[in-house]
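There are 2 protein chains.
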Amino acid sequence: MRQSTCCHRAAQPSCTCLTGGRVLISLPPSIIYFLSEDFNINSITVSQAQKLTAPAPFALLSTMTPEGQANFMAISWWTYLSNHPPMLGVCLSKKGLSGSLIASNGEFALSIVSEELKDAAFRCGTCSGRSVNKAAQFGIPTVPLTQVAVPGVAGSRVIFECRLQNQLEAGDHIFYTAEIVAVQGDPDVRQLFAWDGYARLAPVSG
Amino acid sequence: MRQSTCCHRAAQPSCTCLTGGRVLISLPPSIIYFLSEDFNINSITVSQAQKLTAPAPFALLSTMTPEGQANFMAISWWTYLSNHPPMLGVCLSKKGLSGSLIASNGEFALSIVSEELKDAAFRCGTCSGRSVNKAAQFGIPTVPLTQVAVPGVAGSRVIFECRLQNQLEAGDHIFYTAEIVAVQGDPDVRQLFAWDGYARLAPVSG
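Chains as they are written, first to last, in numbering that gives the first Met the number 0: chain A, 0 to 205; chain B, 0 to 205.
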């Protein structure tokens, strides 16, 4: 196993090594250099980090337009938030259609879609629902839900039915928190994850 | 490939099937029943859903106590939030030590840890930093960071240095949004994910 470059290195007469602001020990610079070489961690961009932290969660988020048309967007930036009550949060671009529909309708669904939807789901992330009826154009099968008026994606591994609770601006996005008012699951469905940042959708293995 | 159950298996003598709010086809109830059987999605609990959506992201979040001791907690509930500026969010129990330290210090680090820390990282999720010096007790190697006064976990695949921006209550948790002020990465490190809900830590394969 690799050893910490940390602190357990530095100085006398030389380097003062700190961990959390506390001086731990001191080693000569040559040892520091050697230990540092044992790790190859370097400054990277957040875009590079997004590739390194993959596979990322992947889902299709569905909303409903005022005209009653379902809209789907591809999303990786979501997380569970609470157990009591059960909640999750989704992070959407300020400019997109889905965010404005969540804010106006107060409802959405999050479908953890099947590997069979690999191509259709990927295409959902490449265009806006303002100009494309994605369900029809990309062949996304829909299913009515029990507690919200928006449909889910049929054949999914999990479908969360969500009711908006709050929203918070975060840079160029808005984070929406929601109560999970119903959830369905099918353990036999193999789900998609986002790989290489968000460049590719594929399942994972253990 | 499975076909959509579509929706509304109701209506007779033939059902109106909707996709995305548009009438697509009509089928007799017997066929609708057959198609519905093709999916085995059922109502489940959110706890069951958390198992089905695994592998989940996994990280160790580090903070600093007023006494200058680093504290580490295991976390799966985090997500990227923004590209400009780069931001991420972490969701922590209202009762835990880490949340109060983030709120008081305004800084934390998120380390996407190596598979070699499997046992130590799992143990971080089983106790409170109020009673245990986890780094010392579980052998977590620390490394000083560049922009924040808290250490990261040495030998990680990615380490995010984060400065608190906002916080939002979400059920029994609080969601903290933060700007990523620095990030380091090592693509040669194999990272851990949470499996079976959060019962097990292991890497993933493609």
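Each residue gets a CB set at the ideal place from its N, CA and C atoms; glycine is no exception.
Close beta carbons around residue i, own chain, < 8 Å, minus the five adjacent residues each side
i	result
VAL203(B)	PRO54 and PHE192
MET86(A)	TYR79, LEU80, GLN164, THR176, ALA177, GLU178 and ILE179
LEU51(B)	ILE43
ALA153(A)	PRO140, THR141 and VAL142
CYS123(B)	LEU59, PHE71, MET72, ALA73, LYS133, PHE137 and ILE139
ARG206(B)	With chain B covering 0 to 205 only, the question about residue 206(B) has no answer from this structure.
Nearest-angstrom Cα separation, counted from residue j out to residue i
i	j	result
PRO186(B)	GLU66(A)	47 Å
SER127(A)	GLY95(A)	7 Å
PRO84(A)	GLY170(A)	27 Å
THR44(B)	GLU115(A)	25 Å
GLN146(A)	SER46(B)	19 Å
LEU144(A)	LYS133(A)	19 Å
VAL131(A)	SER97(A)	13 Å
GLU168(B)	THR125(A)	33 Å
LYS117(B)	ALA69(B)	19 Å
LYS93(A)	ASP195(B)	34 Å
ALA181(A)	PHE159(A)	6 Å
LEU100(B)	VAL89(A)	25 Å
ASN104(A)	ILE40(B)	26 Å
THR62(B)	ALA102(B)	10 Å
GLN49(B)	LEU91(B)	16 Å
PRO56(B)	VAL188(B)	15 Å
ASN82(B)	ASN82(A)	28 Å
Backbone secondary structure at residue i - three-state DSSP
i	result
ARG199(B)	strand
LEU144(B)	coil
GLU66(B)	coil
ARG189(A)	coil
ARG122(A)	helix
ALA134(B)	helix
VAL112(B)	coil
SER46(B)	helix
ILE139(B)	coil
ASN104(B)	helix
GLY98(A)	helix
Buried or exposed by the 16-neighbour rule on C-beta atoms within 10 Å, applied to residue i
i	result
GLY138(B)	exposed
THR64(A)	buried
GLN136(A)	exposed
ARG156(B)	buried
SER113(A)	buried
ALA198(A)	exposed
ALA148(A)	exposed
Nonlocal neighbours in the same chain, by C-beta distance under 6 Å from residue i, ignoring five residues either side
i	result
ILE111(A)	ALA58, SER155, ARG156, VAL157 and GLN190
GLN166(B)	ILE173 and TYR175
GLY151(B)	ALA108, SER110, VAL142, LEU144 and ILE158
GLN183(A)	ILE158
ARG129(A)	LEU96
Nonlocal neighbours in the same chain, by C-beta distance under 7 Å from residue i, ignoring five residues either side
i	result
ALA120(A)	LEU59, ALA73, VAL112, LEU191 and LEU200
SER75(A)	ALA55, PRO56, PHE57, ALA193 and TYR197
Problem - chain B contacts made by the segment 82-115 of chain A, where a contact means CB separation under 7 Å - result: ASN82, HIS83, PRO84, PRO85, MET86, GLY88, CYS90, ILE111 and GLU115
Exercise for the section: Select from the segment 38-55 of chain B all residues with a C-beta closer than 9 Å to any C-beta belonging to chain A, and list them in chain order. Expected result: PHE38, ASN39, ILE40, ASN41, SER42, ILE43, THR44, VAL45, SER46, GLN47, ALA48, GLN49, LYS50, LEU51, THR52, PRO54 and ALA55
Exercise for the section: Taking a Cβ distance cut-off of 7 Å, strictly less, list which residues of the segment 114-145 of chain B are near chain A, in chain order. Expected result: GLU115, PRO140, THR141, VAL142 and PRO143
Handout entry: Residues within the segment 62-79 of chain B neighbouring chain A, beta-carbon criterion of under 8 Å
Key = MET63, GLY67, GLN68, ALA69, SER75, TRP76, TRP77, THR78 and TYR79
Practice task
Compile a chain-ordered list of the residues in the segment 178-191 of chain A whose CB is closer than 9 Å to at least one CB of chain B.
Solution key: GLU178, ILE179, ALA181, VAL182, GLN183, GLY184, ASP185, PRO186, ASP187, VAL188 and GLN190
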